[in-house]
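A.B. asks:
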Amino acid sequence: MQANITYPFLELDRVNAPYINDIKSAINRVVESGRYVGGPEVEQVETTIAKLTRVPHVVAVSNGLDALRLILRAYVATGRLNEGDEVIVPANTYVASVLAIVDAGLRPVPVDPDPVTHNLDAAGVESHVTPRTKAIMPVHLYGRVCWSRELAEIIQRHNLIVVEDNAQAIGAKSPAEGLFGTYVAGGLGHAAGFSFYPTKNIGALGDAGAVATHDKEIADTVRALANYGSYRRYHNVYAGFNCRMDPVQAAVLNVKIEHTDDENAARFARAVAYDNTIDNPLVIKPLMTAHVTDCVWHQYVIRIPQHRDAMQRFLASRGVATDIHYPTPPHRQPCFSETLGGLKLPVAEMLAEEVLSLPISPATSVKDASDIARIINEFKP
Ligand SMILES: *Cc1c(COP(=O)(O)O)cnc(C)c1O
Numbered sequence: 505m506q507a508n509i510t511y512p513f514l515e516l517d518r519v520n521a522p523y524i525n526d527i528k529s530a531i532n533r534v535v536e537s538g539r540y541v542g543g544p545e546v547e548q549v550e551t552t553i554a555k556l557t558r559v560p561h562v563v564a565v566s567n568g569l570d571a572l573r574l575i576l577r578a579y580v581a582t583g584r585l586n587e588g589d590e591v592i593v594p595a596n597t598y599v600a601s602v603l604a605i606v607d608a609g610l611r612p613v614p615v616d617p618d619p620v621t622h623n624l625d626a627a628g629v630e631s632h633v634t635p636r637t638k639a640i641m642p643v644h645l646y647g648r649v650c651w652s653r654e655l656a657e658i659i660q661r662h663n664l665i666v667v668e669d670n671a672q673a674i675g676a677k678s679p680a681e682g683l684f685g686t687y688v689a690g691g692l693g694h695a696a697g698f699s700f701y702p703t704k705n706i707g708a709l710g711d712a713g714a715v716a717t718h719d720k721e722i723a724d725t726v727r728a729l730a731n732y733g734s735y736r737r738y739h740n741v742y743a744g745f746n747c748r749m750d751p752v753q754a755a756v757l758n759v760k761i762e763h764t765d766d767e768n769a770a771r772f773a774r775a776v777a778y779d780n781t782i783d784n785p786l787v788i789k790p791l792m793t794a795h796v797t798d799c800v801w802h803q804y805v806i807r808i809p810q811h812r813d814a815m816q817r818f819l820a821s822r823g824v825a826t827d828i829h830y831p832t833p834p835h836r837q838p839c840f841s842e843t844l845g846g847l848k849l850p851v852a853e854m855l856a857e858e859v860l861s862l863p864i865s866p867a868t869s870v871k872d873a874s875d876i877a878r879i880i881n882e883f884k885p
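Residue numbers (my numbering): 505 to 885.
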């Protein structure tokens, strides 16, 4: 059925090809070390992320969802959040953001995003704050930082705990100062979850994630929760989990994290090619950014009101693979039908019908991006 694919959406082997020899020797180091849980590779990932994000405490964990749910469970375990507290979250995020909130016994409050940035904005957040709102989870969707002076003011006025979902924005910088005086995504709020799922800007060869936080008590509690609930062996303070980062994945990440800025710059170059060449009146392009680090382009997402599915079929017929992030917003997922299913979130629902993600990884050349843009310009419904 599918025509031949000339322009694949994301070829992970090609994304990793520039690092393959270093990755093999890094994995080999772990194999020969005899140390297969924890150890120096995992510690190095933590140090590197702390430096990159300018946060004092980092805990390497098993994946991005675990990073987020461990942070929220740490706030509950330390009595700083309580069961049933409301957590503001964008309505158009990957479902994992909401799963983490629910897992910790908290109440997700999905808020419609700004349709231009696809992110939460200050006005939307402010109108959903109630006396029960205790936290907010900004998601830097598609690599674009969700932060502004206005948002920081609302957060401070209502004394909210900020847990960033930084799964998609490693290395991005905020135009406005974070709560702790820094500008790097993942260091703007009190704590942040990172994902190194293979498709992310910096991906492992399997699942991996990290928690970064300015709060030592939260870091210590996350570390304990991720290690059966114990600070020391055979003494369990919490009924915890096993959510540690695998040292083989840590070794892979120690090769790749160093190249975060280069990887992000490569994505920016492809975004520029799309932005310069796409010129079809049916297409709404994503907001272009002035600086390489304003948005790290985890996805390049166009909108095609009315004709998204026809555009996707047309591109497939011309050999261009695309994807949709995301076809169903969390509040419309069967698992949340009882709790969130009644909500009307028109912007999130509209975006789910209109968005289309184009190939943006370094495995797609800048020329290929220009070629794809010209094919998009040929589309007529
Ligand atoms: C990928 C992702 C997650 C989950 O990370 P995993 O490592 O896949 O568990 C959470 N939130 C967002 C926005 C993501 O893109």
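A virtual CB, placed ideally from N, CA and C, is assigned to each residue, including glycine. Keep in mind that this is a model prediction, so the values were computed, not measured.
Quickly, what does DSSP pair ALA814 with across the bridge? List them, please.
C.D. replies: Numbered from 1 along the sequence shown, position 310 holds the residue referred to as residue 814. None, per the DSSP bridge assignment.
A.B. asks: Which parts of the region 586-633 are runs of the alpha helix (DSSP H), unbroken and 4 residues or longer, counting only runs that do not cross its ends?
C.D. replies: Here the runs fully enclosed are 599-607, 626-630.
A.B. asks: CB GLN672 to CB LEU709, shorter than 8 Å?
C.D. replies: Taking the first residue of the sequence shown as position 1, residue 672 is located at position 168. Taking the first residue of the sequence shown as position 1, residue 709 is located at position 205. No, they are not a contact pair.
A.B. asks: Name the one or two DSSP bridge partners that ALA714 has.
C.D. replies: By one-based count along the sequence shown, residue 714 stands at place 210. Answer is ALA564, PHE698.
A.B. asks: Using 8 Å as the threshold, is the C-beta distance between ALA921 and ARG533 below it?
C.D. replies: In the structure displayed, the chain extends from 505 to 885; residue 921 sits before or after that span and is not available.
A.B. asks: Mind listing, in chain order, the residues whose beta carbon lies closer than 6 Å to a non-hydrogen atom of ligand 1?
C.D. replies: The filter returns ASN567, GLY568, LEU569, THR597, TYR598, ALA600, SER601, VAL643, ASP669, ALA671, GLN672, SER699, TYR701, ASP711, GLY713, in chain order.
A.B. asks: CB-CB under 6 Å to VAL613, same chain, minus the five flanking residues each way: which ones, in chain order?
C.D. replies: Your numbering for residue 613 matches position 109 in the sequence shown. Excluding sequence neighbours, VAL613 sits near GLU590, ILE592, HIS632.
A.B. asks: For my contact list, ASN670 and GLY690 are in at a C-beta cut-off of 8 Å; report their separation, rounded to the angstrom.
C.D. replies: Counting from one through the sequence shown, the residue named residue 670 turns up at place 166. Counting from one through the sequence shown, the residue named residue 690 turns up at place 186. That pair is a contact at about 4 Å.
A.B. asks: Work out the CA separation of TYR830 and PRO619 for me, nearest whole Å.
C.D. replies: By one-based count along the sequence shown, residue 619 stands at place 115. By one-based count along the sequence shown, residue 830 stands at place 326. Cα-Cα distance, rounded: 14 Å.
A.B. asks: GLU657: buried (16+ other C-beta within 10 angstroms of its C-beta) or exposed?
C.D. replies: Residue 657 sits at position 153 when you count from the first residue of the sequence shown. Label assigned to GLU657: exposed.
A.B. asks: Would you call GLN803 buried or exposed, if buried means 16 or more other Cβ atoms sit within 10 Å of its Cβ?
C.D. replies: Counted from its first residue, the sequence shown places residue 803 at position 299. Counting Cβ neighbours within 10 Å, GLN803 comes out buried, since at least 16 surround it.
A.B. asks: At the level of alpha carbons, what is the spacing between LEU569 and HIS835?
C.D. replies: Along the sequence shown, one-based indexing puts residue 569 at 65. Along the sequence shown, one-based indexing puts residue 835 at 331. Their Cα atoms are separated by approximately 18 Å.
A.B. asks: Using three-state DSSP, classify ASP875 as helix, strand or coil.
C.D. replies: The count along the sequence shown starts at 1 and reaches residue 875 at position 371. Helix, per DSSP.
A.B. asks: Which runs of the beta strand (DSSP E), 3 residues or longer, sit entirely within the region 799-845?
C.D. replies: Counting only runs of 3 or more, we get 804-807.
A.B. asks: Less than 8 Å separating the beta-carbons of THR725 and HIS694?
C.D. replies: Working through the sequence shown from its first residue, we reach residue 725 at position 221. Working through the sequence shown from its first residue, we reach residue 694 at position 190. In this structure, HIS694 does not lie closer than 8 Å to THR725 by Cβ.
A.B. asks: Between the beta-carbon of SER865 and the beta-carbon of ILE828, is there less than 8 Å?
C.D. replies: For the purposes of this step, residue 865 is identified with residue 361 of the sequence shown, where counting begins at 1. For the purposes of this step, residue 828 is identified with residue 324 of the sequence shown, where counting begins at 1. In this structure, ILE828 does not lie closer than 8 Å to SER865 by Cβ.
A.B. asks: Between the Cα of TYR646 and the Cα atoms of ASN623, LEU664, LEU692, which residue gives the shortest distance?
C.D. replies: Along the sequence shown, read from residue 1 onward, the residue named residue 646 stands at position 142. Of the listed residues, the one whose Cα sits closest to TYR646 is ASN623.
A.B. asks: Does the Cβ of ARG636 lie closer than 7 Å to at least one heavy atom of ligand 3?
C.D. replies: Ligands present in the displayed structure are limited to ligand 1, and ligand 3 is not among them.
A.B. asks: Measure the beta-carbon distance from THR582 to GLU721 and round it to whole angstroms, keeping in mind my assumption that it falls under 8 Å.
C.D. replies: Here residue 582 corresponds to residue number 78 of the sequence shown, with the count starting at 1. Here residue 721 corresponds to residue number 217 of the sequence shown, with the count starting at 1. Yes, THR582 and GLU721 are in contact; Cβ-Cβ is about 6 Å, under 8 Å.
A.B. asks: Taking the alpha carbon of ALA856 as the reference point, which residue from ALA825, PRO838, GLN810 has its own alpha carbon closest?
C.D. replies: Taking the first residue of the sequence shown as position 1, residue 856 is located at position 352. It is GLN810.
A.B. asks: DSSP state of ILE706, grouped into three classes?
C.D. replies: Stepping through the sequence shown from its first residue, residue 706 is reached at position 202. Three-state result, ILE706: coil.
A.B. asks: Give a yes or no on whether the minimum CB-CB distance between ARG653 and chain C is below 8 Å.
C.D. replies: In the displayed structure, chain C is absent; only one protein chain is listed.
A.B. asks: Is DSSP giving ASN881 helix, strand or coil here?
C.D. replies: Here residue 881 is taken as the residue at index 377 of the sequence shown, counted from 1. Of the three classes helix, strand and coil, the one that applies to ASN881 here is helix, per DSSP.
A.B. asks: Using 8 Å for Cβ pairs, my map puts PRO863 next to TYR511. What's the rounded Cβ distance?
C.D. replies: For the purposes of this step, residue 863 is taken as residue 359 along the sequence shown, with counting starting at 1. For the purposes of this step, residue 511 is taken as residue 7 along the sequence shown, with counting starting at 1. Right, the Cβ-Cβ distance comes to about 6 Å (below 8 Å), so this counts as a contact.
A.B. asks: Using three-state DSSP, classify VAL541 as helix, strand or coil.
C.D. replies: Here the question's residue 541 lines up with position 37 in the sequence shown. VAL541: coil per DSSP, three-state reduction.
A.B. asks: Between ALA730, ASP625, ASP783, which has its C-alpha nearest ASN596's C-alpha?
C.D. replies: The count along the sequence shown starts at 1 and reaches residue 596 at position 92. ASN596 has its Cα closest to that of ASP625, out of ALA730, ASP625, ASP783.
A.B. asks: From ASP783 to ILE879, what distance separates their C-alpha atoms?
C.D. replies: Looking up residue 783 in the sequence shown gives position 279. Looking up residue 879 in the sequence shown gives position 375. Their backbone Cα atoms lie some 10 Å apart in a straight line.
A.B. asks: Which one of ILE674, SER601, CYS799 has the shortest CA to CA distance from ALA764?
C.D. replies: In the sequence shown, counting from the first residue as 1, residue 764 sits at position 260. According to the sequence as given, residue 764 is Thr; it is not Ala. Checking every option, the nearest Cα to that of THR764 belongs to ILE674.
A.B. asks: Express the C-alpha separation of THR797 and LEU655 in angstroms, rounding to a whole number.
C.D. replies: One-based indexing of the sequence shown puts residue 655 at position 151. One-based indexing of the sequence shown puts residue 797 at position 293. Each residue's Cα considered, the two are about 20 Å apart.
A.B. asks: Relative to the C-alpha of SER869, which residue among PRO850, GLU882, ALA775, LYS884 is closest?
C.D. replies: If you number the sequence shown from 1, residue 869 lands on position 365. Closest option to SER869, Cα to Cα, is ALA775.
A.B. asks: If I follow the unbroken beta strand (DSSP E) through TYR735, where does it start and stop?
C.D. replies: Here residue 735 is taken as the residue at index 231 of the sequence shown, counted from 1. Run containing TYR735: 734-736, per the beta strand (DSSP E) assignment.
A.B. asks: Nearest to VAL666 by CA position, among CYS650, SER699, THR781, is which residue?
C.D. replies: Reading the sequence shown from its first residue, position 162 is the one you call residue 666. The candidate whose alpha carbon is nearest that of VAL666 is CYS650.
A.B. asks: I need the straight-line Cα distance from TYR701 to ILE761, nearest angstrom please.
C.D. replies: The residue given as residue 701 occupies position 197 in the sequence shown. The residue given as residue 761 occupies position 257 in the sequence shown. Answer to the nearest angstrom: the Cα atoms are 13 Å apart.
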